[in-house]
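Each remark here refers to the structure printed beneath this line.
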Amino acid sequence: MAKQPMLKFVTVGRDMPEKRDAGLRNQDFDEIYAEFARAKAEEQASRCSQCGVPYCQSHCPLHNNIPDWLNLTATGRLEEAYQVSQATNTFPEICGRICPQDRLCEGNCVIEQSGHGTVTIGSVEKYITDTAWENGWVKPITPSVERDQSVGIIGAGPGGLAAADVLRRAGVQVTVYDRYDRAGGLLTYGIPGFKLEKDVVMRRIAQLEQSGVEFVLNCTVGEDISFDAIRGKHDAVMIATGVYKTRDLQGPGAGSDGIVRAIDYLTASNRVNFGDTVEEYESGELNAKGKKVVVIGGGDTAMDCVRTAIRQGATSVKCLYRRDRANMPGSQREVQNAEEEGVEFVWLAAPKGFAGDPVSGVMVQKMRLGAPDASGRQSPEVIEGADYVEEADLVVKALGFEPEDIPALWDTPELEVTRWGTIKAAFTSGATSLEGVYAVGDIVRGASLVVWAIKDGRDSAEAILTYLEGAKEIAAE
Ligand SMILES: Cc1cc2nc3c(=O)[nH]c(=O)nc-3n(C[C@H](O)[C@H](O)[C@H](O)COP(=O)(O)OP(=O)(O)OC[C@H]3O[C@@H](n4cnc5c(N)ncnc54)[C@H](O)[C@@H]3O)c2cc1C
Ligand code: SF4
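If you want it as structure tokens, here you go:
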């Protein structure tokens, strides 16, 4: 039997006529679009064979009850599908958009493995929750009892927000501190809007605010308020600060103008899309328009940078990676998306230095893959005499992120960290070496995924509830 093509849906412009092409009025378009999206969701959901060995579910970090919500969607029971889906996932519409499904649920779909193309689980998850929002099924949290205990959460990314949701449902008073002016962490300022629309993130923040979560923004813990002061104000504290220290490039010219950090480049682009005036974007420092752009790195951050540069109107965009395509850490789906958009990948190429200041080129060493290292991965080796210069007037460093030195920044040497600088936290509960202090997400795992941060936040919030119960009992004795 021929391999069935994978059906992606809700892709206006490819599957659906554009409104302007069809000469449709807004209302007609919205109705046709809604009907189309529903039909596609039902079609995909009905492809699930209800196989009885749901590897999709066991490979979803949240163990979402995928077969059940697919079945409910296939039979048109969308509100029930939403209830099942949101029972295990705080932000299903976000995961539906940005989980690397090819490595998680969809990659383990039995239909995919039998060669017939996966059920597009993420798209159905997104559809169910977007529909729930449109129909008013997503409501602010109204706890049945209010408790007088409070939790301070440092970091308003997905880990902190997922915990805030669980704690508020239990009636705990929650304050979230963040150094940025908007909540959401990397959902807001890291991941580009073409992958995750910002109104989707902002409506979740608004829902949490309406649920009684207090946000203290523009507040850097360790500068504007001390960690000890936060501990003194709350009955428990959660650290969900993510990882932001950029791995750097060495070599001659590495400090030249025109060589920028991925996080700065993506944050500026996201701010501009929010309508903010960003000086470094206006000046061209963090703007790829009309430039030859070279992005260095092979992970998902690099993919976001190259695709952003294309959208900003770069004249050429190249991605340098020191291993080959099969060995790159980023999602193959993202590489394919980038290639379709006009990005050129230069495999087995590593930067040795930079020409010009401001930068005019990257001095490239060609590599080959040698013997496997201790982890079994082939190490790149330099091919002598094959160096060349890749022209560039904007170079973006996207080599990954490491944790900041939290114990030093917060003057808390007793907070234990691993040799990689991530916070040492107990498996599942997130309990740290400090009593009543928990940690979740990237600051514990190292750079990871949104779905894992959500999972950590939810699990640790449950552990905090148990801790608060214990503290109440001790106080009552
Ligand atoms: C460019 C990029 C693209 C990505 N794309 C994807 C993707 O497509 N899919 C996916 O699953 N994952 C993706 N990830 C990874 C994902 O975004 C992270 O794993 C996830 O956001 C981690 O959540 P978190 O809550 O631990 O931290 P974060 O989202 O990083 O949030 C941490 C928050 O803590 C705040 N903070 C830090 N220090 C302080 C302080 N001292 N005081 C106050 N506040 C502080 C920060 O301002 C931030 O808001 C991407 C990451 C990057 C960088
Ligand atoms: S949360 Fe992510 S891994 Fe889990 S079902 Fe949704 S898209 Fe798949």
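Okay, so the sequence shown: first residue is 1389 according to my numbering, each after it adds one. The beta-carbon is built from N, C-alpha and C at its ideal position, and this holds for glycine as well.
- Residue 1559 places its beta carbon less than 9 Å from that of residue 1531.
- Separation of residue 1738 and residue 1687 (C-alpha to C-alpha, rounded to the nearest whole angstrom) is 14 Å.
- Residues of the same chain with a CB within less than 7 Å of the CB of residue 1790, apart from the 5 flanking positions on each side, are 1631, 1633, 1635 and 1809 in chain order.
- Each residue's CA atom was taken as its position, placing residue 1502 and residue 1486 some 25 Å apart.
- By the neighbour-count definition (other C-beta atoms within 10 Å, threshold 16), residue 1489 is a buried residue.
- DSSP lists no beta-bridge partner residue for residue 1434.
- Around the beta carbon of residue 1451, fewer than 16 other beta carbons sit within 10 angstroms, so the residue counts as exposed.
- With contacts defined by Cβ atoms closer than 9 Å, residue 1568 and residue 1429 do not form a contacting pair.
- In the assembly as shown, residue 1537 is a buried residue. Its beta-carbon has 16 or more other beta-carbons within 10 Å.
- Here residue 1757 is bridged, per DSSP, to 1768.
- Between the alpha carbons of residue 1779 and residue 1709 lies a distance of about 16 Å.
- In the three-state DSSP reduction, residue 1588 falls in the helix class (H, G or I).
- Runs of the beta strand (DSSP E) spanning 3 or more residues and lying entirely within the region 1474-1560 occur at 1538-1542, in chain order.
- Per DSSP, residue 1684 lies in no alpha helix (DSSP H); the unbroken beta strand (DSSP E) holding it starts and ends at 1680-1684.
- Beta-bridge annotation (DSSP): residue 1571 is not paired with any residue.
- At a cut-off of 8 Å, the beta-carbon of residue 1575 counts as near ligand 1: some heavy atom of the ligand is closer than that.
- Residue 1749 has 1743 and 1779 as its beta-bridge partners, per DSSP.
- The C-beta distance from residue 1439 to residue 1507 rounds to 10 Å, too long to fall under 8 Å, and the pair is not in contact.
- Each of 1464, 1453, 1457 and 1446 was checked against the Cα of residue 1426, and the nearest Cα belongs to 1464.
- Taken from the Cβ of residue 1448, at least one heavy atom of ligand 2 lies inside 8 Å.
- For the pair of segments examined, the region 1605-1622 was found not to touch the region 1646-1662: the number of CB pairs separated by less than 8 Å stays below three.
- Burial check for residue 1801: the Cβ neighbour count within 10 Å stays below 16, so the residue is exposed.
- Here residue 1443 is not bridged, per DSSP, to any residue.
- Note: residue 1648 is bridge-paired with 1784 in the DSSP secondary-structure output.
- Take the alpha-carbon of residue 1812 and the one of residue 1851: they are about 16 Å apart.
- If you compare the alpha carbons of 1702, 1580, 1623 and 1659 with that of residue 1826, the shortest gap goes to 1623.
- Taking 9 Å as the cut-off, the beta carbon of residue 1627 is found no closer than this to the beta carbon of residue 1838.
- As the crow flies, the alpha-carbon of residue 1706 is around 12 Å from that of residue 1781.
- Between the beta-carbon of residue 1669 and that of residue 1607 there is about 25 Å, and that puts the pair past the 8 Å contact cut.
- Pairing residue 1725 with residue 1696, the inter-Cα distance amounts to about 12 Å.
- If you look at residue 1723, you'll find it in the alpha helix (DSSP H) that goes 1720-1728.
- Around the beta carbon of residue 1494, 16 or more other beta carbons lie within 10 angstroms, which makes this residue buried.
- For residue 1753 and residue 1771, the gap between their C-alpha atoms comes out near 7 Å.
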